Amino acid sequence: MSKALPIAVLAGDGIGPEVMIEARKVLDRIAEIYGLTFSFDEKLVGGAAYDAHGHPLPPETIAACEAAEAILFGSVGGPKWESLPADLQPERGALLPLRKHFGLFANLRPAVCFPALTHASPVKEDRIAGGFDVLCVRELTGGLYFGQPKSIEVRDGEKVAIDTMIYKQSEIERIAHVAFAAARERGKKVTSIDKANVLQNGILWRQTVTAVAAEYPDVTLDHLYVDNAAMQLIARPKQFDVVLAENLFGDILSDEMAMITGSLGMLASASLGQSKGGGLYFGLFEPSGGSAPDIAGQGIANPIAQILSAAMMLRFSFGLHEAAAAINAAVKSVIDVGFRTGDIYTGDEGQQKVGTAAMGDAIVARIK
Ligand code: NAD
């Protein structure tokens, strides 16, 4: 029997536990086919952990994550916990500290619009015929969100707000390597986003990314100013493969990309930390959406974002590229044959409306 691959499973709140069951079914099937052993350590997080232990991120949950090589995360939060003090709220008290604790500096969000779901996108269908597949690589721990000084103070008798945008060359190099390595596995093109016409940060960003590109001669690099990128994403999303951006620009553009796919319940994400060499990273893998309290407990949530998050985990934390591709292909296949959860069901001919478990089962049945 192969060495067990240790995974911390934090299902969280709302639809989190429902969709996590389906991701676990998929991983069990992958283990069977590829002769792998996963060792799952399930722990509470978010509102569920607060209810049980008085804190959204209890020490035993952190310990389980430290002992694992990857964290498979569901989602946290809900109205029940919204009026708690900030540090006890599910997202601010659990997810952000987890990102900080593990130094998760690279946020990867694939924005995939499946060919059969182009009608759900707000972008005109003729511009996205055949669907699109863009990966946003966002720097997550630097830039304007964390730079010091940061304050609101009084100067010359009026309030002023100060935020500092600061990037070290090494921080830019680190995230650029993630983007180029990811591009190598996909369409071999990186579009780097900056504002080099106005910001000193943009100049250093562009110089540094260009220097890193020299190590990846098989990957094409181009540069776009962020304002142009925001327009191009809507006008011609199919021109992009990997979009590389610093923290603030990536925050905004990744949401724009999610929107133009038209289906939040289908979007996975990865937050990667320290490199383990060989293209492998410790990481936290989670759906891009939240805990969807409006549909929780009804068995109708779309499990695909969670399942695709598990596929990203196999690829980035365990180097299991073939297994990850098998999951992606199975998901595409169920969509192509017409299986739809409520969020992507339009009632068109050939569609079959299914619940969370039936969607999970259909995907499991198609993994080869
Ligand atoms: P949301 O993403 O939970 O829901 C937005 C809409 O999308 C809802 O109508 C929901 O039903 C739908 N939706 C989301 N995922 C779906 C899925 N898998 N299948 C079908 N439909 C789906 O965003 P929100 O309503 O703004 O937030 C709800 C809670 O989630 C809040 O407490 C928020 O703080 C939290 N949240 C958590 C995370 C996280 O854990 N990373 C991220 C975002 C929001």
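Using my numbering, the first residue of the sequence shown is number 34, and each one after it goes up by one.
Just so it is clear, CB atoms sit at the ideal spot from N, CA and C, and this is done for glycine as well.
All of these numbers come straight from a predicted model, not from anything done at the bench.
- Under DSSP, the beta-bridge partners assigned to C146 are F165.
- Residue environment for Q122: buried (at least 16 other C-beta atoms within 10 angstroms of its C-beta).
- Contact annotation: A41 and A101 have beta-carbon atoms nearer than 9 Å.
- At least one heavy atom of the ligand NAD lies closer than 8 Å to the C-beta of G79.
- Going by C-alpha positions, A127 is about 30 Å away from V364.
- Taking T174 as the centre and dropping the five residues before and after it, the same chain places the C-beta of F138 closer than 6 Å to its C-beta, in chain order.
- When secondary structure is reduced to three states using DSSP, D227 falls in the strand class.
- DSSP places P320 within a strand segment (E or B) once states are collapsed to three.
- The Cβ atoms of R142 and R160 do not sit closer than 9 Å to each other.
- In the three-state reduction of the DSSP assignment, V245 falls in the helix class, which pools H, G and I.
- Burial check for T197: the Cβ neighbour count within 10 Å stays below 16, so the residue is exposed.
- The distance from the Cβ of L177 to that of N261 is about 20 Å, inconsistent with a contact at the 8 Å cut-off.
- In this structure, the beta-carbon distance from D376 to S296 falls below 9 Å.
- Short of 8 Å from the beta carbon of V387, and not among the five residues preceding or following it, lie these beta carbons of its own chain, in chain order: F372, R373, T374 and A395.
- Judged by DSSP in its simplified three-state form, H210 adopts helix.
- About 6 Å separates the CB atoms of A149 and D369; that is less than 8 Å, so the two are in contact.
- Judged by DSSP secondary structure, K365 falls within the alpha helix (DSSP H) whose first and last residues are H354 to D369.
- From the listed residues L232, P91, A64 and P39, the smallest Cα separation to F73 is found for P39.
- Contact annotation: Q339 and G79 have beta-carbon atoms that are not nearer than 9 Å.
- Comparing alpha-carbon positions, the option among I208, T151 and E93 lying closest to S308 turns out to be I208.
- In this structure, the CA atom of D61 is about 51 Å from the CA atom of A194.
- When C-alpha distances from S342 are compared across A215, P326, N361 and G68, the shortest belongs to N361.
- Under DSSP, Y258 takes part in a beta bridge, and its partners are D227.
- By the Cβ neighbour-count rule, T241 is buried, with 16 or more other Cβ atoms within 10 Å of its own.
- Per DSSP, the continuous alpha helix (DSSP H) segment holding A395 begins and ends at T389 to A398.
- Rounded to the nearest whole angstrom, the CA to CA distance from G306 to G383 is 42 Å.
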